[in-house]
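Undergrad: If you use full-length UniProt numbering, the sequence shown corresponds to residues 1 to 275, in order.
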Amino acid sequence: MSSVENVDLSTTPATPPPPGVVPDFDNPESLSYLPRSLMYAFVPLMVLFLGLRLWCRWKTKQKLGWDDYLGITSVASTIAYCGVVYASFDMLYGVHLYEIPMSDLDPFWFEMLIVICILSGISLLLVKLALLVLYLRVFRPIYSVRLTIYSCIGILAAFYLATCVAYLVQCVPETSQNVAVALNTGNCIPSAVDITVVRNFFGAVSDFVILVIPINQVFKLGLVRKKKFAVVGTFMTGLIACGCSLATCLVRIGHTSRDGYGDYTWANTVPVTFT
1 MSSVENVDLS
11 TTPATPPPPG
21 VVPDFDNPES
31 LSYLPRSLMY
41 AFVPLMVLFL
51 GLRLWCRWKT
61 KQKLGWDDYL
71 GITSVASTIA
81 YCGVVYASFD
91 MLYGVHLYEI
101 PMSDLDPFWF
111 EMLIVICILS
121 GISLLLVKLA
131 LLVLYLRVFR
141 PIYSVRLTIY
151 SCIGILAAFY
161 LATCVAYLVQ
171 CVPETSQNVA
181 VALNTGNCIP
191 SAVDITVVRN
201 FFGAVSDFVI
211 LVIPINQVFK
221 LGLVRKKKFA
231 VVGTFMTGLI
241 ACGCSLATCL
251 VRIGHTSRDG
261 YGDYTWANTV
271 PVTFT
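1) Could you give the distance in angstroms between the alpha-carbon of residue 16 and the alpha-carbon of residue 126?
2) Can you grab the Cα-Cα spacing for the pair residue 10 / residue 93, in whole Å?
3) Following the continuous alpha helix (DSSP H) through residue 10, name the residue where it begins and the one where it ends.
4) Could you name the residues that DSSP lists as bridge partners for residue 30?
5) Please classify residue 89: does DSSP put it in a helix, a strand, or coil?
6) Specify the secondary structure class of residue 107 as computed by DSSP and reduced to three states.
7) Thinking C-beta only, is residue 132 closer than 8 Å to residue 114?
8) So residue 148 is in the alpha helix (DSSP H); what residue range does that whole segment cover?
9) Checking 8 Å against the spacing of the C-beta atoms, do residue 129 and residue 80 come in under that value?
10) Determine contact between the region 185 to 194 and the region 242 to 250, defined as no fewer than three beta-carbon pairs at a distance below 8 Å.
11) Using a threshold of 7 Å, is the CB atom of residue 103 nearer than that to any non-hydrogen atom of the ligand MG?
12) From residue 18 to residue 270, what distance separates their C-alpha atoms?
13) Residue 101 bridges to which residues according to DSSP?
14) If residue 21 and residue 266 are in contact, beta carbons under 8 Å, what's the gap, nearest whole angstrom?
15) Look up residue 21 in the DSSP assignment and say whether it is helix, strand or coil.
16) Roughly how many angstroms separate the alpha carbons of residue 70 and residue 139, rounded to a whole number?
17) For residue 89, count neighbouring Cβ atoms within 10 angstroms of its own Cβ and tell me buried if that reaches 16, exposed if not.
18) Put residue 196 into one of helix, strand or coil per three-state DSSP.
19) On the premise that residue 77 lies in contact with residue 123, defined as a C-beta separation below 8 Å, what is that separation, rounded to the nearest angstrom?
20) Work out the CA separation of residue 74 and residue 47 for me, nearest whole Å.
21) Can you tell me the Cβ-Cβ gap for residue 147 and residue 14, rounded? I've got them flagged as a contact below 8 Å.
22) Do you know offhand how far residue 274's Cα is from residue 41's?
23) I'd like to check one pair, residue 112 with residue 276: are the Cβ atoms closer than 8 Å?
24) For my contact list, residue 272 and residue 35 are in at a C-beta cut-off of 8 Å; report their separation, rounded to the angstrom.
25) Should residue 252 be labelled buried (16 or more other beta-carbon atoms within 10 Å of its own) or exposed?
26) What residue from 198, 172, 167, 63 has the CA that sits closest to residue 107's CA?
27) Between which two residues does the alpha helix (DSSP H) containing residue 269 stretch?
Given below as structure tokens:
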């Protein structure tokens, strides 16, 4: 017992390092610059585009619709998500788990993980709902499209809320445990990774479905071919979202199948960047 009590937690890694690797707690290797760079680039653009949309509404004296309110809410939730992720760099993301000393692990570590998982699901849901409600306003007279959109809204809401509940069920009980024990033998990290892989795969499929809805209708419009392809080309930028969701899913599956769930803080940095 005394030998355990005398262990210096500030020099003890959260998980055992690979053979021959000496953890560097003072200057650990970090990938946090990747998501940081994308946040600096795209968060201002996101806010700018939302501002331009609202300005156009005001300039043309049009009332805000549900799609506008959902757009505002989705931007707010995305900023909140980015803020929490940014605050967790070099603690929850970016560095190897074996280069985090045991002294840095406390219940707040798991709480941050849970908040990030929940916020990411809420943000993804709101962004997709904003697009679907916009389509609903544009294509409302078409019964088949309206039925498809309502079905998508129901499925998306049920799925993302279910994943949020799953995160809570798997991880909340472990916040009251010893963090080191929960981290190495608990179900939170493996379950969170598996749930996120399912969420990413579902996200890629749902993004593609959301992309197809307007494109299919554009080809039915009485536009000249050049204008049709111009409009379709605009919507095709949505393939970027599909690609990011699929890439995130493949990266997580590849790492888990190769290295298991051990080095979560390092392995999850690139997927978070794509998210």
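Ideal placement from N, C-alpha and C gives every residue a C-beta, glycine not left out.
TA: Quick answer:
1) Indexing the sequence shown from 1 puts residue 16 at position 16. Indexing the sequence shown from 1 puts residue 126 at position 126. In a straight line, the C-alpha of residue 16 is about 39 Å away from that of residue 126.
2) The residue labelled residue 10 in the question sits at position 10 within the sequence shown. The residue labelled residue 93 in the question sits at position 93 within the sequence shown. Going by the C-alpha atoms only, they are around 19 Å apart.
3) Reading the sequence shown from its first residue, position 10 is the one you call residue 10. Here residue 10 belongs to no alpha helix (DSSP H), and DSSP marks it neither H nor E.
4) Mapped onto the sequence shown, residue 30 falls at position 30. Residue pairing by DSSP places residue 30 opposite 95 in a beta bridge.
5) One-based indexing of the sequence shown puts residue 89 at position 89. In the structure shown, the three-state DSSP call for residue 89 is strand.
6) Numbered from its first residue, the sequence shown carries residue 107 at position 107. The answer is helix: DSSP assigns residue 107 an H, G or I state.
7) As a first step, residue 114 is located in the sequence shown; it is residue number 114 there, counting from the start. As a first step, residue 132 is located in the sequence shown; it is residue number 132 there, counting from the start. No, the Cβ-Cβ distance between residue 114 and residue 132 is not below 8 Å.
8) The count along the sequence shown starts at 1 and reaches residue 148 at position 148. From DSSP, the alpha helix (DSSP H) with residue 148 extends over 143 to 171.
9) Counted from its first residue, the sequence shown places residue 129 at position 129. Counted from its first residue, the sequence shown places residue 80 at position 80. 8 Å or more divides the Cβ of residue 129 from the Cβ of residue 80.
10) Touching, no, given that fewer than three Cβ pairs across the two stretches are closer than 8 Å.
11) The ligand content of the structure shown is nil, which means the ligand MG is not present either.
12) Here residue 18 is taken as the residue at index 18 of the sequence shown, counted from 1. Here residue 270 is taken as the residue at index 270 of the sequence shown, counted from 1. Residue 270 has its alpha-carbon roughly 21 Å from the corresponding atom of residue 18.
13) As a working note, residue 101 is residue 101 in the sequence shown. Per DSSP, 13.
14) To locate residue 21, count along the sequence shown from 1; it is residue 21. To locate residue 266, count along the sequence shown from 1; it is residue 266. Incorrect: roughly 12 Å between the Cβ atoms, too far for contact.
15) As a working note, residue 21 is residue 21 in the sequence shown. Note: residue 21 maps to coil in three-state DSSP.
16) Here residue 70 refers to the residue found at position 70 of the sequence shown. Here residue 139 refers to the residue found at position 139 of the sequence shown. Distance between the alpha carbons of residue 70 and residue 139: 18 Å.
17) Reading the sequence shown from its first residue, position 89 is the one you call residue 89. Buried is the label assigned to residue 89, since at least 16 other Cβ atoms lie within 10 Å of its Cβ.
18) As a first step, residue 196 is located in the sequence shown; it is residue number 196 there, counting from the start. Helix.
19) Translated into the one-based positions of the sequence shown, residue 123 becomes position 123. Translated into the one-based positions of the sequence shown, residue 77 becomes position 77. The beta-carbon separation of residue 123 and residue 77, rounded to 4 Å, stays under the 8 Å limit for a contact.
20) Residue numbering aside, residue 47 sits at position 47 when the sequence shown is read from its first letter. Residue numbering aside, residue 74 sits at position 74 when the sequence shown is read from its first letter. For residue 47 and residue 74, the distance between alpha carbons rounds to 11 Å.
21) Locating residue 147 in the sequence shown gives position 147, where the first residue counts as 1. Locating residue 14 in the sequence shown gives position 14, where the first residue counts as 1. About 50 Å separates the Cβ atoms of residue 147 and residue 14, ruling out a contact at the 8 Å cut-off.
22) Along the sequence shown, one-based indexing puts residue 274 at 274. Along the sequence shown, one-based indexing puts residue 41 at 41. So the alpha carbons of these two residues sit roughly 13 Å apart.
23) Only positions 1 to 275 of the chain appear in the structure, and residue 276 is not among them; the question remains open.
24) The residue given as residue 272 occupies position 272 in the sequence shown. The residue given as residue 35 occupies position 35 in the sequence shown. About 6 Å; that satisfies the 8 Å criterion.
25) Translated into the one-based positions of the sequence shown, residue 252 becomes position 252. Residue environment: residue 252 is assigned as buried (16 or more neighbouring CB atoms within 10 Å of its CB, all protein chains considered).
26) Numbered from its first residue, the sequence shown carries residue 107 at position 107. Cα-wise, what sits closest to residue 107 is 172.
27) Here the question's residue 269 lines up with position 269 in the sequence shown. Its alpha helix (DSSP H) spans residues 269 to 274.
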